[in-house]
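S.K.: Would you mind keeping the following structure in view while I ask a few things?
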Amino acid sequence: MATTVQPISPAAVDELAALRLELADFSTVELAEELPRMDLADQALRFRLLPKDRALAVFEEFDPVHQQELIDGLKTDFVREILESMEADDRAKLFDEMPAKVATRFQSQLSAADRRQTAQLLGYDPESAGRIMTPDYVSLRASMSAAAAIERIRHLRERPRHLDVLPVTDGHRKLLGTVTLADLVSADPDTEVAELIASEHYQVSTDTDQEEAARLIQEANLNALPVVDHEDRLVGLITWDDAMEVLEAEDTEDVARSAGAEPLDRPYLSAGVFMLARKRAVWLLVLAVSASLTVTVLNYYETYLANVTVLAVFISLLTGTGGNSGSQASVTIIRAMAVGEVRFSDAFRITWRESRVGFVLGALLAIVGGPVVGFVYGWDIGLIIAVTLLVICTWSTFVGSLLPLLAKKVGIDPALVSAPMVSTLCDATGLLIYFSVAAVVLGPALTG
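Just so you know, full-length UniProt numbering puts 199 at position 199 of the sequence shown, and the rest follows in order with no gaps.
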């Protein structure tokens, strides 16, 4: 099997037939990865050669940005067929990426039912569970028998793609729980659906945060999660694949911010040079201003450095160690918060634990580095370095663990106070610690 799809020149009928055979050798995922790398004309040509069902499967694997780019190269009638075949939540994501006028035009061409479903999803907050739920589901009445429930599923005019989890409601659409298709099929035909409802019941409301809903699906090992309105009436399901997309996006955002950049809103190769620069420039400026604290501290202790010049040798070592230990603690806590392992109520336990970790690390570095420095530069300098390493590591891990918790408490994304910010803060405070220890050990020798 080939590993890349090669662009072609405008082809005759025999070339198109050969290309169709070549495309058949690729999996859906491979095509979804390769087609967006081509120019729009080649991409559209290959897409039109795919069977309709396969074309839809490939299209749904695209990122919304690539979906919109491909739509620009396709004829309107073919686009309408694709849009009508998409699930409502995927269609809403695509319309979000389109210019408003284009989205409105395509939306007006949908059937009344599809248009209503899409408008309903677009009406929810972009970060809410309602925005990513699918309104295409099969619900069962609690009073139905297992045989009647299976018969209802069998005779559906349009069968949803996700049938492994079936919500159960009462006569007023109030959610009572869920049953699995496997339990329904294996049950006695006369068993009431109410008796098959899962013992543990999970649900979220339409305004629940997407990440919270997705984490629940992940942690509870759910295939689908019911979504209800404010009156506990069933309105949709969030499926595991949509939940994984949300978690991937959140993790991507955290990784970007932990490196001191804003997350990209599109795949990397679809982002221009100026967009990439803009996403990074703001944080570089913020960190540059923050780094001025370090310059201020150095200016303040300029006399110390003039009288004992050897102190300057270890500035980068100490600030780097403090910044790294603070960043390690920060990243660890941010990740633990993201997966729900810790909360602000655990702040004391976390900071006490991390301070002890920092003390152990500082002691290890002091034991190794202090004697080496003392042997080369004198034992008073060795003592300063050893004590400073101990204090800096303890302090930096404390700061690195506390700042993300405080950020979350006041409603700021913890990733915003991520590794670069913590590192910059620890640099400045590390210098204060360094020169304070030096003043105690060296005394009058520092001030002349």
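Think of the CB as a built atom: it goes at the ideal place given N, C-alpha and C, for glycine as much as any other residue.
How would you write the range of the beta strand (DSSP E) that V339 sits in, first residue to last?
M.R.: No beta strand (DSSP E) contains V339, which DSSP labels as neither H nor E.
S.K.: By Cβ distance below 7 Å, which residues in the same chain neighbour T429 in space, the five residues on each side in sequence not counted?
M.R.: Counting only Cβ-Cβ distances below 7 Å, and skipping sequence neighbours, we find W395.
S.K.: Quick one, are the C-beta atoms of F47 and A57 less than 8 Å apart?
M.R.: Result no, Cβ atoms of F47 and A57 do not sit closer than 8 Å.
S.K.: Helix, strand or coil for R141 per DSSP?
M.R.: It is a strand residue.
S.K.: M1 by DSSP, collapsed to three states: which one?
M.R.: At M1 the pLDDT is 45, less than 50, meaning the model places this residue with poor confidence and gives no usable figure here.
S.K.: Quick one: give me the first and last residue of the alpha helix (DSSP H) that G55 is part of.
M.R.: It is Ala, not Gly, that sits at residue 55 in the sequence shown. 52 to 61 is the extent of the alpha helix (DSSP H) around A55.
S.K.: Between which residues of its own chain and D125 is the CB-CB distance below 7 Å, once the five residues before and five after are set aside?
M.R.: R131, D207.
S.K.: Looking only at C-alpha atoms, which of Y301, G358, N307 sits nearest to G323?
M.R.: Ranking the options by Cα distance to G323, first place goes to G358.
S.K.: Which residue's Cα is closest to the Cα of T134: A224, K279, I385?
M.R.: When only C-alpha atoms are compared, the closest one is A224.
S.K.: Please check the pair A142 and D170, which I expect to be a contact at CB under 8 Å, by giving their CB distance rounded to whole angstroms.
M.R.: Sure, about 6 Å apart at Cβ, within 8 Å.
S.K.: Can you name the start and end residues of the alpha helix (DSSP H) that V399 belongs to?
M.R.: Here the alpha helix (DSSP H) through V399 covers 379 to 409.
S.K.: Suppose the cutoff is 6 Å on Cβ atoms and the five residues either side in sequence are ignored; what does the same chain contact list for E87 look like?
M.R.: Closer than 6 Å at the Cβ level, and outside the excluded window around E87, lie T134.
S.K.: Just curious, the alpha helix (DSSP H) that G443 is in, first and last residue?
M.R.: Careful: G443 lies outside any alpha helix (DSSP H) and carries neither H nor E.
S.K.: With hydrogens ignored, establish whether the beta-carbon of M144 is closer than 7 Å to any heavy atom of the ligand FAD.
M.R.: Of the ligands one can find in the structure shown there are none, so the ligand FAD has no counterpart to examine.
S.K.: Mapping DSSP to helix, strand and coil, what is D209?
M.R.: If DSSP states are grouped into helix, strand and coil, D209 belongs with the strands.
S.K.: Is it the case that the Cβ atoms of A329 and S423 are separated by a distance below 8 Å?
M.R.: Not closer than 8 Å, so no.
S.K.: Under a Cβ-count criterion, where at least 16 other Cβ atoms within 10 Å of its own Cβ denotes burial, should V193 be classed as buried or exposed?
M.R.: V193 is buried by the Cβ-count criterion.
S.K.: Note down, in chain order, each residue of its chain lying with its Cβ closer than 6 Å to the Cβ of residue 482, except the 5 sequence neighbours on either side.
M.R.: A query on residue 482 cannot be resolved here, the shown segment of the chain reaching from 1 to 448 and no further.
S.K.: Which of the three DSSP states, helix, strand or coil, is assigned to I71?
M.R.: Note: I71 maps to helix in three-state DSSP.
S.K.: Might you give, ordered along the chain, the residues of its own chain that have their beta carbon closer than 8 Å to the beta carbon of V437, omitting 5 neighbours on each side?
M.R.: These residues qualify, in order along the chain: I384, V387, T388, V391.
S.K.: Using CA atoms only, rank isn't needed, just tell me which of L365, V65, F344 is closest to V410.
M.R.: Considering only alpha carbons, the answer is F344.
S.K.: Apply the 10 Å Cβ neighbour rule to H172 and answer buried if 16 or more other Cβ atoms are within range, or exposed otherwise.
M.R.: Exposed, because fewer than 16 other Cβ atoms sit within 10 Å of the Cβ of H172.
S.K.: Which first and last residues belong to the beta strand (DSSP E) in which T239 is found?
M.R.: Segment 234 to 239, the beta strand (DSSP E) holding T239.
S.K.: Rounded to whole angstroms, what's the CA-CA distance from V441 to G382? Just pull it up for me.
M.R.: The alpha-carbon atoms of V441 and G382 are separated by roughly 10 Å.
S.K.: DSSP three-state label for A112, please.
M.R.: Helix, per DSSP.
S.K.: What span of residues does the beta strand (DSSP E) with G177 cover, start to end?
M.R.: Looking at the DSSP string, the run of the beta strand (DSSP E) that includes G177 is 175 to 180.
S.K.: From the DSSP secondary-structure annotation, give me the bridge partner or partners of E192.
M.R.: DSSP output for E192 lists S145 as bridge partner(s).
S.K.: In the structure shown, what three-state DSSP assignment does L432 receive?
M.R.: Residue state, collapsed to three classes: helix.
S.K.: Run through DSSP, which three-state label would A11 get?
M.R.: Low confidence applies to A11: its pLDDT is 43, below 50, so where it sits in the model is not reliable enough to give any reading.
S.K.: Keeping to the same chain, check which residues put their C-beta closer than 7 Å to that of M275; ignore five residues upstream and five downstream.
M.R.: Nothing meets the Cβ criterion.
S.K.: CB D254 to CB S128, shorter than 8 Å?
M.R.: No, they are not a contact pair.
S.K.: If you follow the alpha helix (DSSP H) that V29 is part of, which residue opens it and which one closes it?
M.R.: That run of the alpha helix (DSSP H) goes 28 to 34.
S.K.: Check for me: the beta strand (DSSP E) holding A224 runs from which residue to which?
M.R.: Counting along the chain, the beta strand (DSSP E) containing A224 begins and ends at 224 to 228.
S.K.: Quick one: Cα of L425 to Cα of L406, how far?
M.R.: Roughly 15 Å between the two C-alpha positions.
S.K.: Applying the criterion that 16 or more other CB atoms from any shown protein chain within 10 Å of the CB defines a buried residue, is K93 buried or exposed?
M.R.: K93 is buried by the Cβ-count criterion.
S.K.: Check the Cβ-Cβ distances between D136 and every residue of chain D, and say whether any is below 8 Å.
M.R.: Within the model displayed, chain D is absent; a lone protein chain is all it includes.
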